[in-house]
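In full-length UniProt numbering, the protein residues as written are 1 to 657.
The beta carbon of each residue, even a glycine, is placed where N, CA and C say it ideally should be.
Everything below concerns the one structure shown next.
This is the structure we're talking about:
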């Protein structure tokens, strides 16, 4: 039964109890955020909260979330973008918070983590011995042998595991090995029909989640739950989206489909066991025609449908449909679980091929650019990956508005949401408009003007396309020498990071690590352990590095991280915004750059005692018209364009470390 809210302590009291029990100190921004989350939940109004590093935003949303769950007996879903934050919540924050609040609530708060079905071992697939879809001859014999050893480890682990969660298998295994023991949601027979349904790991995880006050999941599963006809998450009326700056990209990935020789080949291999060979051969020939066409086509965005591609896509679609019809009724083998599993997987593969081909044909149906809803592009093949045709929506705002925000209260939070000083840009991407949402910036406990310097190298030439200019290498060398190492270099491309590493290893006497030398987690550990060490890298380092203390006093950003001009999705979205009367550059390219810049600059201050410099080598940040928007998205560091002042400040910091 729902509890009378008068029986429960107010949010402020619960937060004070939690902070005290956890040995922390209350922060004004944290209290302000917790109150705002409470008000949004009670008023059923969507809320966007920007909370800087050090605010304690996890507690600020978990405390009102737990109170709401205790009051209503409804779970609250917390969605994150990264595995690291999921683990932090489930392994550290929630257990400690449950201990702290157990004595003041009606029961100890319960929590659970829920992932997509593909992350759990499938007992039925293990027992039924369903063949893998991969063709061994595509792989190096040594890789096949390594995969075989991984398969053996999975089989041994399967007899011991209580959760079947892939992340608990350490060391991990590659995707090829794991695919032999897991199924997608659309391939699953369902608990009622599956002979292993009663002991299904994915169903047991859902059952645990159904009894929890807080369910931790990821943005992809949140999107699937919102957009599919079948529920994945337990019933809930409140969602907290942490790392909300990544929501649009993660949802876009979920609703992006692809077609290649491989996807058609999987369908052919599955259906070939169940229907007459001539029909399977027809689909295989259509796949071969598609493969030949894609191999000869230039990679990039496909704005107009060539006749040859249109005919080939129609042939693939019709061949897949013929196979689907030949399979007969979908529930034909409901009393034969082993055969039913193979048929379900076959229908799934054929549906994917048929529906994707049709979706790609439909993407070209608009009369003008403003009428387009989707973009199609070709990714060139690399190594064993064949050329792949992809299709994605130009906007996911409408989907989010209808499916996610429609019948639940959503709190969106991140350290980076107010771009150019406004939440409006992110709100438009989420599909929010009008008075149905509120934005709040609770600030940061850091004294940014006293703790950090934002240096823009206005005297340098604009970055070009031919790698790092010599002036940039000289500037980086002088900055690192002044800092005594202690530098995180964030580059706009892996090529630039590697080129800088190669050139500077000859000029510097400090250890210099580059992303790709080892696993990213190991490199970050080495970087944090030795203050003299520098670490250079690209995208994952812009958002994934948390190194408080003297090991990081200088963040170097080589250029404003605009999307590549040939990025098919970003360029199509930019053009579409312009065609519908908006400013495509500001809405897409500048917004993308502002998010990454803010995330990159946020690597500098990770604790109250941190001091340092963020150095942006790209002079356009100080000279271009859009520079004000980008600067307005960054923390309020003290700013300068004087290289001598910055080197002096770094030298003082180094001498005082």
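Buried/exposed call for residue i, threshold 16 Cβ in 10 Å
i           : result
residue 331 : exposed
residue 325 : exposed
residue 170 : exposed
residue 174 : exposed
residue 565 : exposed
residue 243 : buried
residue 311 : exposed
residue 270 : buried
residue 506 : exposed
residue 229 : exposed
residue 261 : buried
residue 568 : buried
residue 253 : exposed
residue 79  : buried
residue 148 : exposed
Heavy atom of the ligand SAM within 7 Å of residue i beta-carbon
i          : result
residue 91 : This structure simply doesn't include the ligand SAM, nor any ligand for that matter.
Other residues of its chain near residue i: CB distance less than 8 Å, five sequence neighbours each side excluded
i           : result
residue 575 : 369 and 584
residue 436 : 45, 46 and 405
residue 138 : Here the model assigns residue 138 a pLDDT of 43, short of 50, so the residue's position is not dependable and the matter cannot be decided.
residue 617 : 457, 460, 463, 472, 475, 476, 556, 557, 558 and 559
residue 608 : 54, 445 and 446
residue 2   : Interpretation of residue 2 is limited by its pLDDT of 45, a score under 50 that renders its predicted location unreliable; the figure taken from the coordinates is listed afterwards. Excluding residues within five positions, the ones whose Cβ falls inside 8 Å are 71, 72 and 73.
residue 126 : 155, 158 and 181
residue 601 : 454, 555, 557, 614, 634, 635 and 637
residue 300 : 377, 378, 566 and 568
residue 250 : 81, 218, 219, 220 and 223
Proximity to residue i [Cα-Cα], best of the options
i           : options               : result
residue 62  : 95, 50, 82 and 43     : 95
residue 307 : 290, 299 and 384      : 290
residue 203 : 51, 384 and 121       : 121
residue 597 : 151, 272, 13 and 456  : 456
residue 247 : 431, 361 and 199      : 431
residue 484 : 381, 649 and 603      : 649
residue 29  : 13, 21, 38 and 50     : 50
residue 343 : 403, 272 and 195      : 272
residue 309 : 327, 267, 362 and 407 : 362
residue 347 : 263, 286 and 497      : 263
residue 613 : 454, 651, 600 and 468 : 454
residue 236 : 514, 68, 181 and 297  : 68
residue 516 : 509, 469, 501 and 591 : 501
residue 508 : 528, 494, 479 and 522 : 479
residue 257 : 275, 299 and 379      : 379
residue 452 : 230, 639, 158 and 210 : 639
residue 498 : 486, 602, 467 and 526 : 467
residue 414 : 407, 401 and 443      : 443
residue 234 : 241, 594 and 114      : 114
residue 211 : 372, 249 and 107      : 107
residue 216 : 83, 511, 304 and 580  : 83
residue 205 : 163, 219 and 189      : 163
residue 571 : 255, 208 and 302      : 302
residue 280 : 259, 322, 313 and 626 : 322
residue 18  : 77, 102 and 76        : 102
residue 183 : 245, 149, 198 and 119 : 119
residue 408 : 294, 226 and 192      : 226
residue 241 : 160, 511 and 65       : 65
Beta-carbon proximity list for residue i, same chain, < 6 Å, skipping 5 on both sides
i           : result
residue 58  : 93
residue 131 : Its pLDDT being 48, under 50, residue 131 is placed unreliably by the model, and the measurement read from it follows with that caveat. Closer than 6 Å at Cβ, skipping near neighbours: no residue.
residue 48  : 412, 417, 423 and 439
residue 503 : 473
residue 519 : none
residue 89  : 216
residue 494 : 538
residue 179 : none
Sequence-distant residues of its chain with Cβ nearer than 7 Å to residue i (five each side left out)
i           : result
residue 636 : 448 and 449
residue 317 : 354, 357 and 358
residue 591 : 419 and 425
residue 267 : 283, 320, 349, 350 and 353
residue 297 : 378
Bridge partner(s) assigned by DSSP for residue i
i           : result
residue 306 : Beta-bridge pairing links residue 306 to no other residue.
residue 567 : In the DSSP output, where bridge partners are listed per residue, residue 567 has none listed.
residue 616 : 456 and 557
residue 377 : 301 and 390
| task | Tell me the start and end of each unbroken alpha helix (DSSP H) in the segment 181–246 that is at least 4 residues and wholly inside, in chain order. | result | Runs of the alpha helix (DSSP H) inside the segment 181–246: 201–210 and 219–227.
| task | Write down every uninterrupted run of the alpha helix (DSSP H) in the segment 5–47 whose length is 4 residues or greater and which is fully enclosed by it, in chain order. | result | Qualifying alpha helix (DSSP H) stretches, in chain order: 11–21 and 28–43.
| task | Give, in chain order, every unbroken run of the alpha helix (DSSP H) that is at least 4 residues long and sits entirely within the segment 410–468. | result | DSSP assignment within the segment 410–468 yields the following whole alpha helix (DSSP H) runs of 4 residues or more, N-terminal first: 424–430 and 448–451.
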